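Here the sequence shown stands for residues 86 to 412, numbered as in the numbering used here.
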Amino acid sequence: MKVQATIILLVKNGERYLGEVLEGIFAQKTSFPFEVLAIDSGSRDRSREILGRYPVRLWEIPPDTFNHGETRNLGGQLAHPDAAYLVYLSQDATPANAEWLEALITPMEEDASVAGVFSRHLPRHGACPSLARQLVTHWQTGGTTRLIKRMPSSREEFEANRFYYIYFSNTSSAIRRAVWEQIPFRPMAFGEDADWAERVLEAGYAIVFEPRSMVFHSHDYGLLELFRENADYAAAFRERFNPPAYRRFGLGTVVRAVIGEGWRDWQFIWAREPFRSQPLRRRLLWMLHSLAWHFAVGMGTYTGIRGLTRRPFLARFLSRQERVRRG
């Protein structure tokens, strides 16, 4: 049988989870052959050694050439010539079971109008309650119902719900290669997946959230890294989409978010496992951490909206992407 999918794994100092990610990939039960291509952008840890233990095709690029859009396009160009599907997987997203890949591809096999599919994200063991709550109750990637998203007939409806429609996650996704050849990713430091999703919807295709395809994925960033990650995200989304909420985003927004989201976290901590079974002292510490977590998110967003991460002399301190790129 011909190779039907190329799994494109972007790697940079990923030794922490890389072994279990590869174990999960090669444990997949599929009705089709697939290959794995790893693109390493200057790892200084044991990543290449770990990759060498598996039947993985390795391509190396200089760290300063990495770009979320362009590097994924490189993966598409290097994919097996027979591969009909390009599967993108982050180095810290572990397939949750042996059906992850089959479930990710199936919606495109069933419907030729589907351009891309993305997976459900499950919080890792030990994830903080603020992040766990966002994953399981708020973000689209935490849902349990399949979503099929197409451009609505009314442009007004699309604009009113734009970020519902264009939400797409390359943390774990599969896209139809023939569509990618027509509509590749654009060079973007962040948010290349949402940008691509909007353009394929406008071209008449559908995108699907498939909850049967699951990965364990959650970042246990410290507060400073959390700040930087959200600064990058906000800067990219302001430049590409400039959502109305960003135009009204101020320090008061941060304060309201800390109070409102913190309160919801506190309810989550006392109502949901594994947190409600933890010792009282631990739950109280989580409650304090929640306020700091949302403050870091809010201030990172505030910083990114104001373009501070785009100033070269500040980027090395404020941008996580810039720090990762520099190694």
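We treat Cβ as the ideally placed atom computed from N, Cα and C, and that holds for glycine. Here the structure is a predicted model, which means the values were calculated and not measured.
Comparing C-alpha distances from ARG218 to each of ARG401, ASP350, ARG396 and LEU369 shows the shortest one belongs to ASP350. With contact defined as three or more Cβ pairs closer than 8 Å, the segment 208 to 222 and the segment 289 to 306 are in contact.
Pairing GLY201 with LYS97, the inter-Cα distance amounts to about 25 Å. Secondary structure of GLU358 (DSSP, three-state): coil.
About 5 Å separates the Cβ atoms of PHE270 and ARG157, confirming a contact at the 8 Å cut-off.
In this structure, the straight-line span from the alpha carbon of LEU136 to that of GLU108 is close to 11 Å. In the three-state DSSP reduction, PHE301 falls in the strand class (E or B). In the assembly as shown, PRO147 is an exposed residue. Its beta-carbon has fewer than 16 other beta-carbons within 10 Å. Taking C-beta atoms as the reference points, ASP125 and GLU145 count as a pair closer than 7 Å. Here HIS206 is bridged, per DSSP, to VAL300. Note on TYR249: under 16 other CB atoms within 10 angstroms of its CB, so exposed under the neighbour-count rule. Non-local beta-carbon contacts of TYR102 in its own chain, meaning distances under 7 Å to residues more than five positions away in sequence, involve GLN176, ASP177 and THR179 in chain order. Going by C-alpha positions, GLN89 is about 30 Å away from TRP224. Cβ contact annotation for ALA282 (same chain, cutoff 6 Å, sequence separation greater than five): ILE251, PHE253 and ILE292, in chain order.
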